[in-house]
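Right, one structure below, let's go through it.
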Amino acid sequence: LESDTIFHRKYFFQGNEVLELVRPFAIDDYPFGLFRVGLSLRSYNNVSSAFDIQMVLLTVALFGMLLVGLLYFNSRQKRRQITRQYSEIKLTTSTIFDQMTTGVAAIDINKTITLVNRAFEDIFGVDSVLDQKWNDVITSPEIAIDRLKIYSNKTEEFELTLTINNKTKILLMAVSEVVYNDELPSGLIVVVYDITELKEYQRNSIRKERLSEMGNLAAGVAHEIR
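Residue numbers (the working numbering): 84 to 309.
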């Protein structure tokens, strides 16, 4: 009663939570009095509870969005990194593959060339053979697709002498089947190397060796005659 400050308290009145505000006052008729106001907190508690639920849901939603954003950003970074690494590997592999002196070609089950390098095209004197039928590109009957399947049963490479664009070439070839997951063969890999010059070098080397032996023999005979 002697204070001029507004006091407040919360308590239960008839089963409801109430916020009560109290302030002393004094007038002529009532030198000592208390002004009391009670406010029901039911609506406030309902709004507060709903607000708390909304804040929890909003927090969960924001956290979920943040988590999804982080995962997306991380996956995007990894995808870029994988794409960059794949491009680098593909470029390096393609460069090495095209710069090989050994010809390589892959044939699928439909007898279509699915992979080929520049060395292969140079050896057979063809161009732009990718996605074309093997027998339409390689016209030599010795290495028709049916013959290649027979050659694929061999465990070692073999030599063939072919006439390609009116030139006789000696080729060292190897053919193997492509098998995925221990299933039926699904294609062929053909590896070919042009050994024409190597054979010529060997013939020249043998010829020189024989000439050298004949020279030594002639020198020995001349020595004996003398």
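We put the beta carbon where it would ideally sit given N, CA and C, even for glycine.
Predicted model only: the values in this text are computed from it and were never measured.
Nearest in C-alpha terms to K93, of all of R293, T166, R119, D214, is R119. For R106, the enclosing beta strand (DSSP E) covers residues 99-108. The beta carbon of V105 sits closer than 6 Å to those of F90, L117, R119, all from its chain and outside the five residues before and after it, given in chain order. No Cβ-Cβ contact shorter than 9 Å links I221 with S269. The segment 173-190 and the segment 268-284 touch, with no fewer than 3 CB-CB distances between them shorter than 8 Å. Counting only residues of its own chain and dropping the five nearest sequence neighbours on each side, I253 has a CB closer than 7 Å to the CB of E242, T244, I278, T279, K282. In the three-state reduction of the DSSP assignment, T88 falls in the coil class, being assigned neither a helical nor a strand state. The Cβ-Cβ distance between L198 and L213 falls below 9 Å. Taking a C-beta distance under 9 Å as the contact criterion, E103 and L84 do not qualify as a contact pair. Taken through DSSP and simplified to helix, strand or coil, G270 comes out as strand.
Out of K250, K161, M256, the CA that lies nearest to the CA of G208 is found in K250. With contacts defined by Cβ atoms closer than 9 Å, I247 and W217 do not form a contacting pair. In chain order, N200, R201 place their CB closer than 6 Å to the CB of D181, counting only its own chain and leaving out the 5 sequence neighbours on each side. In this structure, S259 lies near I272, with their beta-carbon atoms less than 9 Å apart. In this chain, M138 is not harboured by any beta strand (DSSP E); it is covered by the alpha helix (DSSP H) spanning 125-182. The C-alpha of L150 is placed about 47 Å away from the C-alpha of Q97.
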